[in-house]
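Residue numbering for the sequence shown follows my numbering, beginning at 1312 and increasing consecutively. For glycine and all other residues, C-beta sits at the position ideal for the given N, C-alpha and C. Here the structure is laid out as structure tokens; the discussion comes afterwards.
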Amino acid sequence: AAPVATVASGTPENFGYNLPSPEILDVLRAPFPAQALVSPRGSRILLHRWERYPAISQVAEPFLRLAGVRVEPKTRRKHDTDRGYGVTQCANQFKLVPAAEGTGPEISIALPAGCVESPLWSADDRYLAFRTTTDAGVEQWVAEAATGKTRRVGSGFLNPMLGTSTVQWLPDQSSLLVKLVPENPGRPPEAPPGSEGPGIQETDGKTGESSTYEARDTLTNAHDEALFAYYATSQLARVDVATGKQTNLGRPDLHLQVDAAPDGKHLLVQTMRAPFSHATTFDRFPREVAVWDEAGNLLKTLAKLPLADRVPVHGVPTGPRSFAWQETAPATVVWAEALDGGDWKATVPARDRLFAQAAPFTEAPTPLVTLPQRFSGFRWVEDGKTVLIREYDENRHWTRTLAYPVVSAISSATPAPLGAGKVLFDHSWDEHYAHPGTPVMRVRADGTTVVALRNGSIFLAGDGSSPAGDRPFLDRLTLATGRRERVFRSAADAYERFLGLPDGNETAFLTWHQSKSAVPNAFFQTVGARQTATAGEGEFALERKEVTHNSDPTPQIRGIQKQLIKYKRKDGVDLSFTLYTPPNYTPGTKLPAILYAYPNDFAAKETAGQVTGSEQMFSSLSRHQLLLLAGYALIEDAQFPIVGDPKTAYDTYLEQLIDNATAAVDKAVATGVVDRNRIGVTGHSHGALMTVNLLAHSTLFQAGVATSGAYNKTLTPFGFQSERRSVWAAPAVYTQVSPFFVADRIKRPVLLMHGTDDANPGTTPLQSQKLFEAIRGNGGTTRLVLLPHEPHWYASLESNEQLAYEMVRWFDRYVKNATP
1312 AAPVATVASG TPENFGYNLP SPEILDVLRA PFPAQALVSP RGSRILLHRW ERYPAISQVA
1372 EPFLRLAGVR VEPKTRRKHD TDRGYGVTQC ANQFKLVPAA EGTGPEISIA LPAGCVESPL
1432 WSADDRYLAF RTTTDAGVEQ WVAEAATGKT RRVGSGFLNP MLGTSTVQWL PDQSSLLVKL
1492 VPENPGRPPE APPGSEGPGI QETDGKTGES STYEARDTLT NAHDEALFAY YATSQLARVD
1552 VATGKQTNLG RPDLHLQVDA APDGKHLLVQ TMRAPFSHAT TFDRFPREVA VWDEAGNLLK
1612 TLAKLPLADR VPVHGVPTGP RSFAWQETAP ATVVWAEALD GGDWKATVPA RDRLFAQAAP
1672 FTEAPTPLVT LPQRFSGFRW VEDGKTVLIR EYDENRHWTR TLAYPVVSAI SSATPAPLGA
1732 GKVLFDHSWD EHYAHPGTPV MRVRADGTTV VALRNGSIFL AGDGSSPAGD RPFLDRLTLA
1792 TGRRERVFRS AADAYERFLG LPDGNETAFL TWHQSKSAVP NAFFQTVGAR QTATAGEGEF
1852 ALERKEVTHN SDPTPQIRGI QKQLIKYKRK DGVDLSFTLY TPPNYTPGTK LPAILYAYPN
1912 DFAAKETAGQ VTGSEQMFSS LSRHQLLLLA GYALIEDAQF PIVGDPKTAY DTYLEQLIDN
1972 ATAAVDKAVA TGVVDRNRIG VTGHSHGALM TVNLLAHSTL FQAGVATSGA YNKTLTPFGF
2032 QSERRSVWAA PAVYTQVSPF FVADRIKRPV LLMHGTDDAN PGTTPLQSQK LFEAIRGNGG
2092 TTRLVLLPHE PHWYASLESN EQLAYEMVRW FDRYVKNATP
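Structure representation (structure tokens):
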């Protein structure tokens, strides 16, 4: 019989949280499998294991909401992950393993007390830097790779509040460039009750829409501005790793981004300036972009950028942006500028122009190349002769990568325009089956990151998506001829991906292998002679040796079976899901089932149904997947494409949603595993919106669980997902998508869950609260569970135990044991 959820009493030990069954608890509390981080030279692998779920006490650590940042005032540590979807995880195990057998011992690193995070290899493989947060502050530590010995370096505390370039290795690889809390910063600004002053905003009547998602935790008054300036101020410093000597560079300021030039003699420093905005987040605040010398003296101000609080939806600010060093020149800064006002709605012959300026920065900037579409990044090939430039077309969901010859010599003080570009890749970004892969990068001795080049060829690693699922690959591409050779492709009965290239071995690479029953481990692959191969398969014989030996943290779930199921939507779009069955499932038995999905947007039917993911991946259950241990089948990652021109795709959102669900349910029932009369639906965020809409507009599901969703899109009036029109431009779309307006039709039971500290502006807790009130007021069956202190993705152990308890309890009552 399936385990039954149990209710824990509201004792001080569990603070009133409920617990699921012991079988679920054992899996939920098991450690994550180890992950791998290969050193730059490829001599060692760091196996790092992260705390699966922190305690609620860590998640509940007090924080301030300041201009899009949630900062813990006690330490200036950033409370949440990028974009606010979770909290920072702490490492509980570091182990160094030689990348090739017989080249050294395995070394376990004794981690210091506190929350350890952000491991960062030095380019010469000698050191591993990492941060440790204690009650006093955020400390910088290093471990010696040869011995595993650790020590704190520098006497100051790091300031990671803004989340960018807090710590980096300088080109000499014997010192670190860090952002520190200023010495003697004084006490934070205080505001007696009522003294904050009014919150004032004003607009000048200019038109221009900004994205809904820029309104996250914005400043509200003068006291907020003072707090933001106090906590965001940092002191740049150089720290010698061997001696711990700390040398300050310049004066404390609102430093946002800092990067050392390849020559080690120049710093690219971006610093925020007032006035601060109450309408947008800090990354849109005014800033100065400047070059300093290695001692922290100003050499050249490259740009003074104004407040960018009216950036078009999905667009970019006007003026210079995306400043970076050319990785293959001593000290040349490159950047992009929009030619279309940063607006995708503009019809222009070219959208971006790229520029460069070299030390000593006395000559005018040099235009490098003009791009018809939006610039999205440089990748410099390590010989300095070629650069790969990526551009994308938001209107078509299209991307191109072009190879340009670097015309000027690396040593030249004045950059020259790039030569004529050669198109390497040209495809829809929704394309998975024919995706060319991503260039393999390597870290050079000076710490610069470049495209790895061996004998005139670069390497491309990709997911290898196919109708049978992902089969990752490694290809070799000769730049001069465009010839591609497949060096490696994952076996069909496993999921094995490229991990790294060892230095000094032209015929070897590392992979990360796993299967349904085999825990992830690293393998050292040696390339042999060319062999006869069918299309798409590896063209060379490989000798492989396992170099790590991780164990299975949850052997009790290996009885779970999963199978890729493919089918078609009624309009012919190819779709798929993975069907999971519980441990000890008896074939032929019809089970209650839960469908989990997250709708995605596609510009074309041809790419909408392409299969991604792999049924061969090693299972590690979390969240809704734990329902397998309560006797449910799982219709996992059912494809729910919303297909159409990105400008208008949501005009047919509901129709496509129901067609997706109907096709998935019909196919699941046809497998003989799923009982049509006992199917539930669940989804998170945009998937939660899907869940409630399916309960309102179809009779396919007995009940649903919707977590952290947004159910009234008129509260996010300047766009959502790929929808770029405002609510005033497309009011019917916003109301059609929003189940709040048909709450009187939601008669199937729905459980709503939400974290009370959800930082995503599109999914504030108010969305769940108001939908609950609307359903309750119209006589529907619903339950609202608000999880204290939780962000968009629930982080704490206690909250995830509550989530499992609630889902099992709800679906048992309204799906498994439902009256037909």
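Of all the beta strand (DSSP E) runs that stay within the bounds of the stretch 1647-1712, which reach a length of 3 or more residues?
1663-1669, 1677-1682, 1685-1691, 1697-1704
What three-state label does DSSP hand residue 1964 in the structure shown?
helix
DSSP on residue 1721, reduced to helix/strand/coil?
The predicted model places residue 1721 with a pLDDT of 43, which falls under 50 and marks its position as unreliable; any figure quoted below should be read in that light. DSSP places residue 1721 in coil when its eight states are reduced to three.
For residue 1898, which residues from the same chain have a beta carbon less than 7 Å from its beta carbon, with the 5 sequence-adjacent residues on both sides left out?
none
Taking a contact to mean a Cβ-Cβ separation below 8 Å, would you say residue 1903 touches residue 1943 in this structure?
Contact: yes.
Can you tell me the Cα-Cα spacing of residue 1590 and residue 1539, whole angstroms?
Take the alpha-carbon of residue 1590 and the one of residue 1539: they are about 15 Å apart.
Taking 8 Å as the threshold (C-beta atoms), are residue 1365 and residue 1931 in contact?
no
Are the Cβ atoms of residue 2030 and residue 1624 separated by less than 8 Å?
yes
For the ligand MG, any of its heavy atoms closer than 7 Å to the Cβ of residue 1386?
The model depicted lacks the ligand MG and carries no ligand whatsoever.
Hey, residue 1772 and residue 1434 are a contact pair by Cβ (cut 8 Å); roughly how many whole angstroms apart?
Their Cβ separation, rounded to whole angstroms, is 21 Å, which puts residue 1772 and residue 1434 out of contact at 8 Å.
Between which two residues does the alpha helix (DSSP H) carrying residue 2046 extend?
That run of the alpha helix (DSSP H) goes 2042-2048.
Quick check: what's the CA-CA separation for residue 1550 versus residue 1398?
28 Å
Residue 1853 and residue 1837: beta carbons closer than 8 Å?
Cβ atoms of residue 1853 and residue 1837: closer than 8 Å.
From 1907, 1895, 1901, 1900, pick the residue whose C-alpha is nearest to that of residue 1887; which is it?
1907
Does the beta-carbon distance from residue 1937 to residue 1560 come in below 8 Å?
no
In its own chain, which residues sit with a C-beta less than 6 Å from the C-beta of residue 1331, not counting the 5 before and 5 after it?
These residues qualify, in order along the chain: 1316, 2115, 2116, 2119.
So residue 2006 and residue 2061 are supposed to be a Cβ contact under 8 Å. How far apart are they, rounded?
The Cβ separation is near 6 Å, so the contact holds.
Can you give the Cα-Cα distance for residue 1443 and residue 1451, rounded to whole angstroms?
7 Å
Can you grab the Cα-Cα spacing for the pair residue 1356 / residue 1363, in whole Å?
Across the structure, residue 1356 and residue 1363 are spaced so that their CA atoms are roughly 21 Å apart.
Just list the beta strand (DSSP E) runs in the stretch 1521-1599, keeping only unbroken ones of 3 residues or longer that don't cross its boundaries, in chain order.
1545-1551, 1557-1564, 1566-1571, 1577-1583
Excluding the 5 residues preceding and the 5 following residue 2128 in the sequence, name in chain order all residues of the same chain whose CB lies nearer than 6 Å to its CB.
none
Quick one: measure Cβ to Cβ for residue 1891 and residue 1945, integer angstroms, because I've assumed they're closer than 8 Å.
4 Å
Are there three or more Cβ pairs, one per stretch, closer than 8 Å when the stretch 1597-1611 is compared with the stretch 2008-2016?
no
From the DSSP output, which residues share a beta bridge with residue 2066?
DSSP lists 2098 as the beta-bridge partner residues of residue 2066.
Could you tell me whether the stretch 1676-1689 touches the stretch 1698-1711, using the rule of 3 or more Cβ pairs below 8 Å?
The stretch 1676-1689, when compared against the stretch 1698-1711, does touch it at the 8 Å Cβ threshold.
CB residue 1807 to CB residue 1823, shorter than 8 Å?
yes
In angstroms with no decimal places, state the Cα-to-Cα distance between residue 2104 and residue 1567.
27 Å
Using three-state DSSP, classify residue 1810 as helix, strand or coil.
strand
List, from N- to C-terminal side, the beta strand (DSSP E) runs of 3 residues or more that fit wholly inside the stretch 1314-1400.
1346-1349, 1355-1361, 1375-1377, 1380-1383
How far does the alpha helix (DSSP H) with residue 2079 in it reach, from first residue to last?
2076-2088
Can you tell which of 1485, 1959, 1639 has its C-alpha closest to the C-alpha of residue 1761?
Looking at 1485, 1959, 1639, the one whose alpha-carbon comes closest to that of residue 1761 is 1639.
Name the one or two DSSP bridge partners that residue 1906 has.
1946, 1992
Hey, residue 1650 and residue 1661: beta-carbon distance below 8 Å or not?
Less than 8 Å divides the Cβ of residue 1650 from the Cβ of residue 1661.
Can you tell which of 1466, 1850, 1820, 1805 has its C-alpha closest to the C-alpha of residue 1828?
Nearest option by C-alpha distance: 1805.
Checking the sheet assignment: what are the DSSP bridge partners for residue 1738?
1710
Would you decide whether residue 1511 is buried or exposed? Buried here means 16 or more other CB atoms lie within 10 Å of its CB.
exposed
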